[in-house]
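Using this note's numbering, the first residue of the sequence shown is number 21, and each one after it goes up by one.
Here's the structure, in structure tokens; my notes come after.
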Amino acid sequence: RLYEILKEAHSPSAMLNLKLRDMEKGKFVGKAKCGPKVRDLCRKHRLDSGAAKKLEEAMSMRECMGKDVEKDLGLLDEHLAASNAPS
Numbered sequence: 021r022l023y024e025i026l027k028e029a030h031s032p033s034a035m036l037n038l039k040l041r042d043m044e045k046g047k048f049v050g051k052a053k054c055g056p057k058v059r060d061l062c063r064k065h066r067l068d069s070g071a072a073k074k075l076e077e078a079m080s081m082r083e084c085m086g087k088d089v090e091k092d093l094g095l096l097d098e099h100l101a102a103s104n105a106p107s
């Protein structure tokens, strides 16, 4: 996940410093186990790349906190299915 962020950064060295600070504060979340399920949900509902990245980050944080990500994704799936413009 860090590699992906640095690859897209305008200034990789500055972004690395920022992410190191996030790691020190406990805010940075690495790649999570729920990633493939979140990406499947994003494809299913045709979320744009920005929304997909933010959703994956949020679900990664929730997974680290010990929350029930399966339940969250199920509820989100129902909500997005009823939405006219999911992104």
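Positions of the beta carbon are idealized from the N, C-alpha and C atoms, including for glycine.
What is the rounded straight-line gap between the Cα of Leu61 and the Cα of Ala71? By one-based count along the sequence shown, residue 61 stands at place 41. By one-based count along the sequence shown, residue 71 stands at place 51. Each residue's alpha carbon lies about 11 Å from the other.
When burial is assigned at 16 or more other CB atoms within 10 Å of the CB, is Glu98 buried or exposed? Numbered from its first residue, the sequence shown carries residue 98 at position 78. Exposed, by the Cβ-count rule.
Within its chain, find whatever has a CB closer than 6 Å to the CB of His65; leave out the 5 residues flanking it on each side and keep chain order. Reading the sequence shown from its first residue, position 45 is the one you call residue 65. Result list for His65: Leu100, Pro106, in chain order.
Considering only the alpha carbon of each residue, which of Lys74, Asp68, Val58, Ser103 lies closest to Asp92? By one-based count along the sequence shown, residue 92 stands at place 72. Of the listed residues, the one whose Cα sits closest to Asp92 is Val58.
Have a look at Met35 and Ala29 and give me their C-alpha separation to the nearest angstrom. For the purposes of this step, residue 35 is taken as residue 15 along the sequence shown, with counting starting at 1. For the purposes of this step, residue 29 is taken as residue 9 along the sequence shown, with counting starting at 1. Roughly 7 Å between the two C-alpha positions.
Taking C-beta to C-beta, are Gly55 and Glu24 nearer than 8 Å? Within the sequence shown, the letter at position 35 stands for residue 55. Within the sequence shown, the letter at position 4 stands for residue 24. Result no, Cβ atoms of Gly55 and Glu24 do not sit closer than 8 Å.
For Met79 versus Ala52, is the C-beta spacing smaller than 8 Å? Locating residue 79 in the sequence shown gives position 59, counting from the first residue. Locating residue 52 in the sequence shown gives position 32, counting from the first residue. A contact, by the Cβ cut-off of 8 Å.
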